[in-house]
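**Q**
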Amino acid sequence: MTDLSLQEPSGKLGDTLVEGVALYEAGKFKAAYDLFYGCAKAGDATAWFWLSVMHMNGDGVAVDKQMGFKCCLKAAEMGSVQAQTNLGVMYIQGDGVTEDARTGLMWLCRAADAGDTGAQFNAATLLSAGKVVDKDLETAAKYYRMAAESGYFPAQARLGFSYRNGFGVAKDCQQAFLWLTLASQHGAGSAISMLEGLVSEMTPDELHRGHQMVEKWMQDHRGGAGDVRFRVSTN
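Numbering (the numbering used here), first residue to last: 356 to 590.
Written out as structure tokens, the structure is:
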């Protein structure tokens, strides 16, 4: 449900956070909570983020969504990008706080602009659907591209779809081919079926250039994006 990777710590406080993460991953939640609590009181945003996760999930403490929200808000206001992403989804889904999609989108965009792949994808999903916030296909395509460039294949599929249909970007069969090909390599069914239809309409020259774009992208990029954090659903 959430990516719990730790932001880079430093100094003695950072060492304590690392110890807390190790305890958490070992299932020693009480000891982990005590360490995170001490670091949070000392003013560490990442520790507030972890306290939020533990309260939201009920890890070693009773599930307390409102407390989880408060800890997440504290971390987000202190600059934790992870917390900003989760906070955005909390607002959008009304999880621990009164539902407020506009405020949720604001936090997601803040984290997205800071480079968080999960926030980029979530913000794009909201903006492209236009159900709980105003539709903005151009901004959605921008965030899909940011996440796609990080190697996140669901965003690659959505970006390919955008180029295929001209949603927020000019129609471009070669860009569509690039992103749908990358997504299809991960078994994305929608990308595979759309790619098949696209290929049937492309000229040999367009296909050749499309394959060159894929090869160049693969050469320029190594690795991929980590798991997203809380996910937005538009169902």
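For every residue, glycine included, the Cβ atom is placed at its ideal position computed from N, Cα and C.
Fair warning: this is a prediction, and the values are worked out from it, not measured in the lab.
If I follow the unbroken alpha helix (DSSP H) through H566, where does it start and stop?
**A** Counting from one through the sequence shown, the residue named residue 566 turns up at place 211. Note, H566: alpha helix (DSSP H), 559-575.
**Q** Let me confirm a value: S555 is counted as buried when at least 16 other C-beta atoms fall within 10 Å, else exposed. Which label applies?
**A** What you label residue 555 is simply residue 200 of the sequence shown in a count that begins at 1. S555 is exposed by the Cβ-count criterion.
**Q** Between L378, N441, K383, G382, which lies nearest to S407 when the distance is taken from Cα to Cα?
**A** Against the sequence shown, residue 407 aligns to sequence position 52. Nearest option by C-alpha distance: N441.
**Q** Hey, quick one: how far does the alpha helix (DSSP H) through E493 stretch, first residue to last?
**A** One-based indexing of the sequence shown puts residue 493 at position 138. Counting along the chain, the alpha helix (DSSP H) containing E493 begins and ends at 492-504.
**Q** Return the CA-CA distance between A402 and L378, expressed in angstroms with no decimal places.
**A** For the purposes of this step, residue 402 is identified with residue 47 of the sequence shown, where counting begins at 1. For the purposes of this step, residue 378 is identified with residue 23 of the sequence shown, where counting begins at 1. For A402 and L378, the distance between alpha carbons rounds to 13 angstroms.
**Q** State yes or no: is the C-beta of F384 within less than 8 angstroms of the C-beta of D414?
**A** Taking the sequence shown and counting its residues from 1, one reaches residue 384 at position 29. Taking the sequence shown and counting its residues from 1, one reaches residue 414 at position 59. Closer than 8 angstroms, so yes.
**Q** Please state whether DSSP places K383 in a helix, a strand or coil.
**A** Numbered from its first residue, the sequence shown carries residue 383 at position 28. Residue state, collapsed to three classes: coil.
**Q** Tell whether a beta-carbon distance below 8 angstroms holds between A496 and G523.
**A** By one-based count along the sequence shown, residue 496 stands at place 141. By one-based count along the sequence shown, residue 523 stands at place 168. It is a contact, given that the beta carbons lie within the stated cut-off.
**Q** On the DSSP letters alone, give me the boundaries of the alpha helix (DSSP H) that N425 sits inside.
**A** Along the sequence shown, one-based indexing puts residue 425 at 70. Looking at the sequence shown, residue 425 is not Asn but Lys. Residues 420-432.
**Q** Rounded to whole angstroms, what's the CA-CA distance from Q511 to A503? Just pull it up for me.
**A** Locating residue 511 in the sequence shown gives position 156, where the first residue counts as 1. Locating residue 503 in the sequence shown gives position 148, where the first residue counts as 1. Answer to the nearest angstrom: the Cα atoms are 5 angstroms apart.
**Q** Could you tell me whether the Cβ atoms of L460 and G443 are closer together than 8 angstroms?
**A** For this step, residue 460 is matched to residue 105 along the sequence shown. For this step, residue 443 is matched to residue 88 along the sequence shown. Yes, they are a contact pair.
**Q** The alpha helix (DSSP H) with T305 in it runs from where to where?
**A** In the structure as shown, the chain begins at 356 and stops at 590. Residue 305 is therefore absent and cannot be evaluated.
**Q** Under 8 angstroms between the Cβ atoms of L463 and A474?
**A** On the sequence shown, position 108 is the one that residue 463 refers to. On the sequence shown, position 119 is the one that residue 474 refers to. For L463 and A474, yes; Cβs fall inside 8 angstroms.
**Q** Nearest-angstrom Cα distance between M549 and H541?
**A** Looking up residue 549 in the sequence shown gives position 194. Looking up residue 541 in the sequence shown gives position 186. If you take the alpha carbons of M549 and H541, they lie about 14 angstroms apart.
**Q** Have a look at G506, L492, A543 and flag the residue whose alpha-carbon is nearest the alpha-carbon of Y518.
**A** Taking the sequence shown and counting its residues from 1, the one referred to as residue 518 is at position 163. For Y518, the nearest C-alpha among the options comes from L492.
**Q** What's the gap between the Cα of E561 and the Cα of Y499?
**A** For the purposes of this step, residue 561 is identified with residue 206 of the sequence shown, where counting begins at 1. For the purposes of this step, residue 499 is identified with residue 144 of the sequence shown, where counting begins at 1. Spanning the two alpha carbons is a distance of roughly 23 angstroms.
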